[in-house]
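Read left to right, the sequence shown gives residues 134 to 454 (this note's numbering).
The beta-carbon is built from N, C-alpha and C at its ideal position, and this holds for glycine as well.
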Amino acid sequence: MTVKHIGLLTSGGDAPGMNACIRAVVRTAIFHGAKVSGIMRGFAGLLAGEFCCLDVGSVGEIIHRGGTVLRTARCPEFNSPEGQEIGVRMLQKAGIDALVVIGGDGSFRGVQALACRGIPACGIPGTIDNDIPGTEYTIGFDTAINTVLDAINKIRDTATSHERTNVIEVMGRYAGHIALMAGLAGGAESILVPEVTFDLNDVCARLRRGQARGKLHSIILVAEGAGDVVEIGKLIHEKTGMETRVTILGHIQRGGNPTAKDRIWASQMGARAVELLLSGKGGFMLGVRKGRLVVEDIAAALAEKRELDQGLYQLAGILSI
Ligand code: ADP
Ligand code: F6P
């Protein structure tokens, strides 16, 4: 089948750079003579038939903006075979031949379900968590870790003035990539992530060693999924007697102007996805491996496990000794 009409949606948690990717998908498709329909609010909008025509001008002035102009949503109905069948029918009714989904690993399972039902569909990794199997990079991650780094720098100033320990919670319910990379770049004393079991006594011993050699402040970075950050702050205070403050960075990490890196990968991935769909390919995801753009079979990639970089985790521990 010749692909002439591509559907495009964003799904799951939004991520800076999604708009740059939307722009790349739309303009590449139009460049090659295809039409693009935007589907609002992820799979929820697909089931509800919320489609809009995207032309060259409609994606102007968005490359620099965080969020997603197509909106996003979580849609539990799409997890069921019945929901997926409705999705297929809605695409057919709208005359859409192929689908691009920008989202996280949950959204990619939706892509896989559609591909199994004969829809040429593909996934572009968009989540600040950087936790998708099959790729070492996801759109939005670079912006998010720079946002966290900026916060660490600011908190460091006040932590030094008051000689305090600051415990900072970053996003990542199941994955510690944000905590690890921002913690490494920000010189955190300890980084607590869901993938690595930790002993708070070791964290406190590290703090005491720093204090003994005259350190004025300490930063502990905690991924959401690693534990209750307020409780961790309280225990550190009780065990060390150090004055402790807790900061939960929250959704500030999901917004903001995307970095150049996020925009550049988003542009490349969006363009490549369209070229492959137009060539008749489906059931794939875009990714980055060893710093290069790669195309992976989506089912095979999702069967992999996305690991935390243990080497970098150890390095962060060594450098903050
Ligand atoms: P993310 O894509 O950021 O990981 P979610 O895990 O919340 O976010 O998934 C986003 C949406 O993808 C879900 O609300 C649902 O519509 C769809 N989805 C998630 N898991 C599946 C699945 N196993 N099968 C089909 N669709 C799914
Ligand atoms: O998956 C992205 C993410 O930002 C996670 O890091 C975080 O745990 C979650 O989404 C928060 O989701 P919500 O949109 O429900 O606040």
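| query | result |
| --- | --- |
| Does DSSP put residue 304 in a helix, a strand or coil? | coil |
| First and last residue of the alpha helix (DSSP H) that includes residue 370? | 362 to 373 |
| So what does DSSP say about residue 249, is it helix, strand or coil? | helix |
| Which residues does DSSP list as the beta-bridge partners of residue 258? | 236 |
| Is residue 437 a contact residue of the ligand F6P, with contact defined as CB to any heavy atom under 7 Å? | no |
| Check whether the stretch 266 to 273 touches the stretch 289 to 306, taking contact to mean three or more Cβ pairs, one atom from each stretch, closer than 8 Å. | no |
| Compare the Cα-Cα distances from residue 212 to each of 177, 360, 426, 346 and report the closest residue. | 177 |
| Quick one: grab the DSSP three-state call for residue 263. | coil |
| Out of 185, 437, 263, which has the shortest C-alpha to C-alpha gap to residue 204? | 185 |
| Please report the distance separating the alpha-carbon of residue 159 from that of residue 210. | 27 Å |
| Are there 16 or more other CB atoms within 10 angstroms of the CB of residue 334, so buried, or fewer, so exposed? | exposed |
| Hey, how far is the Cα of residue 423 from the Cα of residue 388? | 27 Å |
| Classify residue 164: buried if its beta carbon has 16 or more other beta carbons within 10 angstroms, exposed otherwise. | exposed |
| In chain order, what residues place their C-beta within less than 6 Å of a heavy atom belonging to the ligand F6P? | 146, 237, 260, 261, 262, 304, 305, 306, 357, 387 |
| So the candidates are 373, 348, 392, 310; which of them puts its Cα closest to the Cα of residue 355? | 310 |
| Under the assumption that residue 313 contacts residue 445 (Cβ atoms under 8 Å), give the Cβ distance between them as a whole number of angstroms. | 6 Å |
| Using the three-state DSSP reduction, which class does residue 415 fall into: helix, strand or coil? | coil |
| Would you say the beta carbon of residue 149 is closer than 7 Å to some non-hydrogen atom of the ligand ADP? | no |
| Return the residue from the list 238, 156, 227 that minimises the CA-CA distance to residue 199. | 156 |
| Secondary structure at residue 461, three-state DSSP: helix, strand or coil? | Not covered by the structure: residue 461. The range shown for the chain is 134 to 454. |
| Have a look at the DSSP bridge pairing and note the partners of residue 184. | 172 |
| So, under 8 Å CB-CB, residue 349 and residue 319 are touching, yes? Tell me the CB distance rounded to an integer number of Å. | The pair is not a contact, with the Cβ atoms about 16 Å apart (cut-off 8 Å). |
| List the residues that DSSP assigns as beta-bridge partners of residue 298. | 351, 377 |
| Could you tell me whether any non-hydrogen atom of the ligand ADP is closer than 7 Å to the CB of residue 470? | In the structure as shown, the chain starts at 134 and stops at 454, and residue 470 therefore has no counterpart that could be examined. |
| Looking at the unbroken beta strand (DSSP E) that takes in residue 346, where does it start and where does it end? | Here residue 346 belongs to no beta strand (DSSP E), and DSSP marks it neither H nor E. |
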